[in-house]
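Structure first, then comments.
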Amino acid sequence: MATLIPTLGSCVSRMTSGERRLAERLEAKLDDDYLLWYDVPMGPSNAHPDFCVLHPRRGMLILEVKDWRLSTLHKIDRHTWEILVNGQTKCVINPLEQARQYAHQVVNALERDPQLVHAEGSHRGKLAFPWSYGVVLANITRRQFEQAELQHAIDPDRVLCQDEMLEGVEPEALQSRLWGMFPFMMRGVMSLPQCDRVRWIMFPQVRVPSSDDLFDSDTNEEAELPEIMRVMDLQQEQLARSLGDGHRVIHGVAGSGKTMILGYRAELLARTSGLNSKPILVLCFNEPLAVKLAATMASKDLGGRVHVRHFHKWCRDQLVTFGQTLPGKMGAQQYVQALVDGVIRSVENRQIPSGQYQAVLIDEGHDFAPEWLKLVTQMVDPSTNSLLLLYDDAQSIYERRRTQQFSFKSVGIQAQGRTTILKVNYRNTRQILQVAAAIAADLLTPDDSDEDGIPLLKPIGCGRDGEAPLIIRLPTLHEEVWAIATSLRQAHQQGHAWGEMAVLCADWKTMDLCAAVFAEQRLPSNVRKGTGDYRPDANVIQIMTMRVSKGLEFPVVALPGIGHLPATGDDEKEAARVLYVAATRATEKLVLGLGGNSSFAARLSAQARTGVK
1 MATLIPTLGS
11 CVSRMTSGER
21 RLAERLEAKL
31 DDDYLLWYDV
41 PMGPSNAHPD
51 FCVLHPRRGM
61 LILEVKDWRL
71 STLHKIDRHT
81 WEILVNGQTK
91 CVINPLEQAR
101 QYAHQVVNAL
111 ERDPQLVHAE
121 GSHRGKLAFP
131 WSYGVVLANI
141 TRRQFEQAEL
151 QHAIDPDRVL
161 CQDEMLEGVE
171 PEALQSRLWG
181 MFPFMMRGVM
191 SLPQCDRVRW
201 IMFPQVRVPS
211 SDDLFDSDTN
221 EEAELPEIMR
231 VMDLQQEQLA
241 RSLGDGHRVI
251 HGVAGSGKTM
261 ILGYRAELLA
271 RTSGLNSKPI
281 LVLCFNEPLA
291 VKLAATMASK
301 DLGGRVHVRH
311 FHKWCRDQLV
321 TFGQTLPGKM
331 GAQQYVQALV
341 DGVIRSVENR
351 QIPSGQYQAV
361 LIDEGHDFAP
371 EWLKLVTQMV
381 DPSTNSLLLL
391 YDDAQSIYER
401 RRTQQFSFKS
411 VGIQAQGRTT
421 ILKVNYRNTR
431 QILQVAAAIA
441 ADLLTPDDSD
451 EDGIPLLKPI
461 GCGRDGEAPL
471 IIRLPTLHEE
481 VWAIATSLRQ
491 AHQQGHAWGE
501 MAVLCADWKT
511 MDLCAAVFAE
521 QRLPSNVRKG
531 TGDYRPDANV
541 IQIMTMRVSK
551 GLEFPVVALP
561 GIGHLPATGD
571 DEKEAARVLY
581 VAATRATEKL
591 VLGLGGNSSF
601 AARLSAQART
611 GVK
């Protein structure tokens, strides 16, 4: 069974009957290694064919589908067709020429990539795998095609007719018709890396960004193509393109691409909605992640359409916007709680309106208290009812553990039948994920739960190998931080920018020590202690607490003071959650300070015997 993107259920409402029949036949009768895209813009020119079929040995095929009957055709030739629409004559481009133009737009973009073309010989500079195009006449049989002598206007070998795509047609016969559309001289096999490069070029929306830009979709044709192109896996792409209206929940492990999918969804909604539509709200728990996402949306000129806030700032904005009284002077925890209570009360009293947003997208949903989720759910416009919640209970590191009675339904989230689970971790190398799993070994036992429950997912590594995490064991924390600074300088000498590094600490005291040592060693750094202190674009080492690092990622991460955790009186399981999140921020290199004799030091010392250096 072929993979159709988006899923048939998510796009059937916008399909013609012929397109639906073709999608059903292709999905059912082509093998598992076929990829199908329906009505997805392709390439830098946003070519918009009806279907694209991709196969590693067969190549790429662009198809245009027409539901016309013989009675629809008034006058046709090789260039233009006159058709009858509601009794009126309409002049359109020959559908085969339409498919040809779409195919050439895509091929021209692909041929810019030296890794996708012949390097020498008579076909030098041409695609190294087959490609072609054709037309599907969904309501004209082959006999009718021949009797009407349509072959004078359209090549019969490039046409699939109604009776050749019936439900009872043999898979081999359907495939024979499709691949008969290819010129016989075209040969070649597409490797898996080449397939990823094809998807990277054809579909900018599925590009996996660098740590500098979560959702880079630069389509500048003159830009230099990268040597390595990373794209969403097929499950991620199918999910991102298939999310429809209604309430949706994505359960995903750390590094599974949840935030990337959220960004894709926010951008898609912003670009496809009318200018007078209500805005889209993206909510995070952590301020640094909200800052990063907001900067990304602003860089795409979507800041006015997509409002990105961390939850408590959004609560304050709501009170100010609608003239409600802000809390007075009190402790920080009491203040943020008073903000939330004030918004809840004002919504109940209709002083703050519900339904303000076309869509609400919630990252880090596992850190939202049930009453927060109930509040935010009311902010979705009932006419769209569009809500997306991202969830990973293993990363819930704040002190609001769920009771067994908690369910999405209890807070107004109606996601039965619309939940998805992402188990593969793409962010971390196998070695880093091993260490993170060792830290959180007691947490990552999957719980049985129904569709409305909260599964605790154990991550599956994607198989990417890297350096073994570096363990530093020294008598004092000061010596440990000094050694960490030295390791970061070495990483910089090996090619890592300072802005690719982060030092994640358990408390402010350790942060201050790191800042002092880095200043002494003349390493550029930025300490994030409060709102507004995070500068995601600065080329400096980011120093922040482990808790506020959630949702971020850096190629190089150092965790000082692990051997002294948990602090006296702290819950070991909660501390393990914090460490798990912190360790999974690293994409390439992880440095662990293990001086001390805590339980975490013991766990990781045991892990060291199986590969940590």
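Take the sequence shown: its letter number 251 is residue 251 in UniProt numbering, and every next letter is one higher.
Quick reminder that beta carbons are idealized off the backbone N, C-alpha and C, glycines included.
DSSP puts residue i in a beta bridge; with which residues?
| i | result |
| --- | --- |
| Cys-91 | Glu-82 |
| Ala-586 | Phe-554 |
| Trp-179 | Trp-179 is not bridged to any residue. |
| Ser-132 | Leu-61 |
| Lys-75 | Glu-82 |
| Arg-316 | In DSSP, Arg-316 forms no bridge with anything. |
| Thr-545 | Cys-505 |
| residue 628 | Shown here, the chain extends from 1 to 613; a query on residue 628 therefore has no answer. |
| Ser-386 | Ala-359 |
| Arg-265 | Answer is none; Arg-265 lacks a bridge partner. |
| Leu-174 | DSSP output for Leu-174 lists no bridge partner at all. |
| Leu-559 | Leu-592 |
CB of residue i to nearest heavy atom of the ligand PLP: below 7 Å?
| i | result |
| --- | --- |
| Tyr-580 | For the ligand PLP, the structure offers nothing, since it holds no ligand at all. |
Hey, quick one: how far does the beta strand (DSSP E) through residue i stretch, first residue to last?
| i | result |
| --- | --- |
| Ser-487 | Looking at the DSSP string, Ser-487 is not in any beta strand (DSSP E); the run it does join, the alpha helix (DSSP H), is 477 to 493. |
| Cys-52 | 51 to 55 |
| Ile-280 | 280 to 284 |
| Tyr-426 | Per DSSP, Tyr-426 belongs to no beta strand (DSSP E) and is neither H nor E. |
| Thr-3 | 3 to 5 |
| Gln-471 | First, the amino acid is wrong: residue 471 is Ile here, not Gln. Looking at the DSSP string, the run of the beta strand (DSSP E) that includes Ile-471 is 470 to 472. |
| Val-159 | 159 to 161 |
Within its chain, find whatever has a CB closer than 7 Å to the CB of residue i; leave out the 5 residues flanking it on each side and keep chain order.
| i | result |
| --- | --- |
| Gln-351 | Phe-322, Gln-324 |
| Leu-433 | Asn-425, Pro-459, Gly-461 |
| Ala-485 | Val-517, Phe-518, Gln-521, Leu-523 |
| Arg-305 | Ala-270, Pro-279, Ile-280 |
| Cys-161 | Leu-137, Ile-140, Thr-141, Arg-142, Phe-145 |
Near residue i, which residues of its chain fall below 8 Å by C-beta distance, leaving aside the five closest residues on each side in sequence?
| i | result |
| --- | --- |
| Gly-412 | Leu-373, Lys-374, Thr-377, Gln-378 |
| residue 696 | The displayed coordinates of the chain run from 1 to 613. Any statement about residue 696 would go beyond what the structure contains. |
| Glu-172 | none |
| Met-330 | Ala-338 |
Short of 6 Å in beta carbon distance, which residues of its chain neighbour residue i, apart from the five on each side in sequence? Order them along the chain.
| i | result |
| --- | --- |
| Leu-174 | Lys-29 |
| Leu-559 | Leu-504, Ala-582, Leu-592 |
| Glu-451 | Reliability fails at Glu-451, whose pLDDT of 46 lies under 50, so the model's placement of it is uncertain and no value is given. |
| Arg-400 | With a pLDDT of only 45 at Arg-400, under 50, the local geometry of the prediction cannot be trusted, and the value read off the model is given with reservation. Only Ala-369 meet the Cβ criterion. |
| Asn-590 | As written in the sequence, residue 590 is Leu, which differs from the Asn given in the question. Only Ile-432, Pro-469, Val-557 meet the Cβ criterion. |
Tell me the residue span of the alpha helix (DSSP H) that contains residue i.
| i | result |
| --- | --- |
| Trp-192 | The residue asked about is misnamed: residue 192 is Leu in this sequence, not Trp. That run of the alpha helix (DSSP H) goes 192 to 202. |
| Ser-299 | 287 to 299 |
| Ala-502 | From DSSP, Ala-502 is part of no alpha helix (DSSP H) but of the beta strand (DSSP E) over 501 to 505. |
| Val-435 | 430 to 439 |
DSSP on residue i, reduced to helix/strand/coil?
| i | result |
| --- | --- |
| Gly-246 | coil |
| His-310 | strand |
| Asn-539 | coil |
| Trp-68 | coil |
| Ile-362 | strand |
| Cys-514 | helix |
| His-48 | coil |
| Thr-419 | strand |
| Gly-593 | strand |
| Leu-35 | strand |
| Ser-525 | strand |
| Arg-143 | helix |
| Asn-349 | coil |
| Val-343 | helix |
| Cys-462 | coil |
| Leu-96 | helix |
| Arg-305 | coil |
| Tyr-391 | strand |
| Gly-18 | helix |
| Gly-252 | strand |
| Met-260 | helix |
| Val-231 | strand |
| residue 640 | Only positions 1 to 613 of the chain appear in this structure, which leaves residue 640 out of reach. |
| Val-208 | coil |
| Val-106 | helix |
> How do the segment 303 to 313 and the segment 556 to 574 stand: do at least 3 beta-carbon pairs fall below 8 Å, yes or no?
Replying inline: Short answer: they don't touch.
>> Three or more C-beta pairs under 8 Å: does that hold for the segment 461 to 476 against the segment 584 to 599?
In response: yes
> How about the segment 136 to 143 and the segment 107 to 124: do they share at least three Cβ pairs that are nearer than 8 Å?
Replying inline: no
> With contact counted as at least three CB pairs below 8 Å, one residue from each stretch, are the segment 32 to 47 and the segment 94 to 107 in contact?
Replying inline: yes
> Does the segment 332 to 347 come close enough to the segment 380 to 388 to have 3 or more Cβ pairs within less than 8 Å?
Replying inline: no
> Is there contact between the segment 424 to 443 and the segment 251 to 265, where contact requires at least three CB pairs shorter than 8 Å?
Replying inline: Contact between the segment 424 to 443 and the segment 251 to 265 is present: three or more C-beta pairs spanning the two stretches fall below 8 Å.
> Does the segment 49 to 58 come close enough to the segment 77 to 86 to have 3 or more Cβ pairs within less than 8 Å?
Replying inline: Contact fails: fewer than three Cβ-Cβ distances are below 8 Å.
> How about the segment 282 to 289 and the segment 460 to 473: do they share at least three Cβ pairs that are nearer than 8 Å?
Replying inline: Contact between the segment 282 to 289 and the segment 460 to 473 is absent, because fewer than three Cβ pairs lie under 8 Å.
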